[in-house]
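Residue numbers (our numbering): -5 to 757.
One structure below.
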C-alpha cells in the first residue's frame, strides 16, 4: 500500500506523498506525529481523516510553497474565521490570517512546531490586546493590528519574541514607559509601523521620545512589497514634529502644554510651524544661532510661549511675534532696544524675560526703557551706562538718549510733580523735560544736584509764578503756559548776557505778562531778544494785547495827556449826569414802554394788597369815555383791574358808601376831570374822598386827567382848587398821554423774559 520505509510510527515526520491512502484512525501513534506530508491531490481526504483521528500534530498539505493546517501542537485549531497555513521557506512561517472578519478580540491560537508565527488581525473591531497568557499568542513574532480601535498597549500584552508590530490607524496616542523601554531596547531588531497615529507623548517618557526620534529617520518602510509612509505625527500639530526638534506634552494638575523643543540644534532660522496648534503650546529655541524671527508662520501661529534664550537676535518686530503669546524669553541675545509697538505688546504678557542683552537707552525705545526701569532695574542701569557713563535716573522719570542730536533727555513730564528732583544725571548735553506738572517756582535751584549742567529746560504747562535762577549752561528755555507776570531784574540781566554769548532759544507765550510802565524792564527785554524769543508774535499781555504790537509810549504815557484825559472824562461825566437828570423820567418811561430792564423801571408797590388797581371816577354824562380806558388799561398788556360804578357798584347801596368802598379798595383813583364832572356834586365828593385817602395813606395815589373843555378850576371850592395848583396832572390831549398814564398807574412786577401780548397803547 505504501513504502515501508515511510511508515514508521515512531517517526516525527510521516511522508505519504508516495504511499497509498491509509486510515489514520487505525494508527494511534499518528497522534504523536509533527508533520504529515501528502500529495496535493489527496489534501481533502487526509484533512477529513486527520479531523476524524483528532491528530494533534500539524496536518499540512500542499507541498510546493504553501500548505494549510488545522491543528497546532497545543491542541488548538485554526480560529474558525481565520485561514492558517505554512509558508514552506527556511525557516517555516506560520501565517494566521484573520483580516476583516469583524472579530472583536484575539482568540486562542495554534502553536507551530517549527518556524515562526505571524498574526494578521487588520480591519477588525479590536479595542485592546489580550494578556500574554496564551502560549499561541505569546509565540507570535509578527503582530499586524492596523485599522482597529486600540487605545493603549501594555507591556504584558506584547508577545515575548515580538519583532514586528503594525498599529497603523488606531486610537493610540501614547505608550507607557515599560512599552517604550521595550521598543527602545530592541530598536535594531524591531519594526514598528505607526502611521495614522497622532502621538501625545509625555515629556517624562524619554524612552518613547527617543524611539519616536528614531522612527523619524525611518520615514519609508517596505511592507508587503510596497513602500509605506511611516512618518511620526503629533496630535497637537496634526502633522510631524519640525526637524530636528522633539515634541512632547507636559502635563500638570491643571493644564496640558505641548512643547516643541529645539534646544541646542544649531538652528539659524525658526522652524516652520502649522498655523493652528491645538491647546497651549511652547516653542523652545534656546542656545541656537538665530539672528532674526523672519518666518512668516510665526506671527499667525497660536503659540503661547516662545523661548529664545542665548541666540544672536538683534532686532524684534511686532509682526514676528505670535498674536496669542503669553510668555516671551529673549535673554542673552544682542538686542539693543524694543520699539513702542513691541513694548506695548509685551506689557500684556504674563511673563517676559529680557536680561543680559546689550540694551541701549535710545529714545526710540522710550516706552520700553520705562518698563525696564520698573521691572528690571539692573538692566536699566546697564543701559544708562552704555549711553552716558552713568547709571542714575530720578525716580518716576525716564532717561534716554537721542541718537541724532546726542541729547540726553531726563523726561519727568506728566507726573504731577511739585518739585524738580533733587538729583539729576550730569552729562554733556542734558535736557530736562518737566512739562505738565505742578511746579510753582524755581527757588533754591542750587540745592538740585546737576541743575547747572542742564542745557535745555522744558517747563510748559506748570503753575510757575516766580523764577529766581536758571541753569548756568542753559541754551533752550520753554516757559509757555505758566502763570508768570514778570521776570526779576537779575534774571533779565542773566538772559541778556546769555543771549549775547550763545544761541539762546526762549518761548514765553501763554503767561499773564503785565504790560505796564512799572514792568518796562521786562518789556525792553522782550524787544531786545526778539530773535531769541521764538513765539514773541503769539505772546499776549494780561489784558490780551499782543506784546509785539506795543511801544514804550503805550506803557508809559506822558503826564500832560493823562491830565487831559482825566479832565475830559470829568466834563463828559458831568454832562452825562445833567442829561440824565433832565430826561430821567422820560428815559424811564421809554424803557418801561419798551419792556426793557423791568426790574429797574417797575416801581415796587407797597402797602396792603387791594381788590382793584384803579378806581375810575367820572360823571355819568361822560360814560362814552369809559370804553377807551377799559380797552387800554384793563385789556392792554398791563391788564389792570379797574373799578367803575356801572359794573362794580351794588344796586341799592348808597352812593357815598359805594364811593368810599371803591376808593378804599383801589390803589389809586383816576379823576376824569371834565366840565360835567366839575358841575356834578357826586364828582366833587369822589374828589374829596380820594384826596382824603391819599393824605391818610401815602401808598394811595390820586391821578387827575384834565380834558380840553376844562379851562380853569375856579368852579371848584378852595380845597380842590389848591390841590390842582400844587400837584401835577395829566392833560388828555398831551403828547404820549397813554404812556404817561400807564407809567403813573400802579405797576405790576413782570419778568423781562416773560412774553406778554404787545398792544400799542397810543391811538
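Even glycine gets a Cβ: it sits at the ideal position worked out from N, Cα and C.
Under the DSSP assignment, residue 531 falls outside any beta strand (DSSP E); it carries neither an H nor an E label. The criterion of a C-beta distance shorter than 9 Å is satisfied by residue 142 and residue 115.
Minimum Cα-Cα distance from residue 297 among the listed residues 261, 320, 723, 280 corresponds to 320. Judged by beta-carbon spacing, residue 127 lies beyond the 9 Å limit of residue 152, meaning their Cβ atoms are not closer than that value.
The region 194 to 221 contains, as complete alpha helix (DSSP H) runs of 4+ residues, the segments 200 to 210 (chain order).
DSSP places residue 169 outside both helix and strand once states are collapsed to three, so it counts as coil.
The beta carbons of residue 700 and residue 735 sit no closer together than 9 Å. Its chain contains 635, 637, 659, 660 as the residues whose beta carbon lies nearer than 6 Å to that of residue 606, once the 5 sequence neighbours on both sides are disregarded; these appear in chain order. For residue 364, the CB contacts under 7 Å within the same chain, skipping 5 residues up- and downstream, are 392 in chain order. CA-to-CA, the gap between residue 112 and residue 135 works out to about 6 Å. Sequence-distant partners of residue 91 (beyond 5 residues in either direction) whose C-beta falls short of 7 Å from its own C-beta, in its chain, are 76, 77, 114. Fully enclosed alpha helix (DSSP H) runs of no fewer than 4 residues occupy 290 to 293, 334 to 340 of the region 271 to 350, in order along the chain.
Membership of residue 112 in the beta strand (DSSP E) is indicated by the continuous run 110 to 114. The alpha-carbon of residue 287 is positioned some 26 Å away from that of residue 367. Look at residue 261 here: in three-state DSSP terms it is coil, with no helix or strand label. Residue pairing for residue 725: DSSP places it in a beta bridge opposite 700. In the three-state DSSP reduction, residue 268 falls in the coil class, being neither helix nor strand.
Note on geometry: alpha-carbon atoms of residue 240 and residue 389 lie some 46 Å from one another.
Taking a contact as a CB-CB distance under 8 Å, the pair residue 294 and residue 266 does not count as one, their CB atoms being some 12 Å apart. Taking one beta carbon from each stretch, the region 496 to 510 and the region 466 to 474 have 3 or more pairs nearer than 8 Å; the two touch. Between the C-alpha atoms of residue 148 and residue 172 there is a straight-line separation of about 8 Å.
Judged by their CB atoms, residue 273 and residue 230 are nearer to each other than the 9 Å cut-off.
In the three-state DSSP reduction, residue 228 falls in the strand class (E or B). Annotation: residue 549 to residue 506 spans about 16 Å, alpha carbon to alpha carbon. Along the region 618 to 686, the beta strand (DSSP E) occurs as fully enclosed runs of 3 or more residues at 660 to 667, listed in sequence order. When only Cα atoms are considered, residue 508 and residue 424 end up about 32 Å apart. Cβ-Cβ separation between residue 418 and residue 403: approximately 11 Å, too far for a contact (criterion under 8 Å). If you look at residue 126, you'll find it isn't in any alpha helix (DSSP H); DSSP assigns it neither H nor E.
In the assembly as shown, residue 323 is a buried residue. Its beta-carbon has 16 or more other beta-carbons within 10 Å.
Residues of the same chain with a CB within less than 6 Å of the CB of residue 533, apart from the 5 flanking positions on each side, are 502, 503, 541 in chain order. In the three-state reduction of the DSSP assignment, residue 400 falls in the coil class, being assigned neither a helical nor a strand state. Annotated three-state conformation of residue 98 is coil, per DSSP. By the neighbour-count definition (other C-beta atoms within 10 Å, threshold 16), residue 570 is an exposed residue.
Scanning its chain for C-beta atoms nearer than 6 Å, with the 5 sequence neighbours on each side dropped, one finds around residue 684 the residues 657, 663, 696, in chain order.
Sixteen is the threshold: when 16 or more other Cβ atoms of the shown chains lie within 10 Å of the Cβ of residue 66, as they do, the residue is buried.
Buried is the label assigned to residue 632, since at least 16 other Cβ atoms lie within 10 Å of its Cβ.
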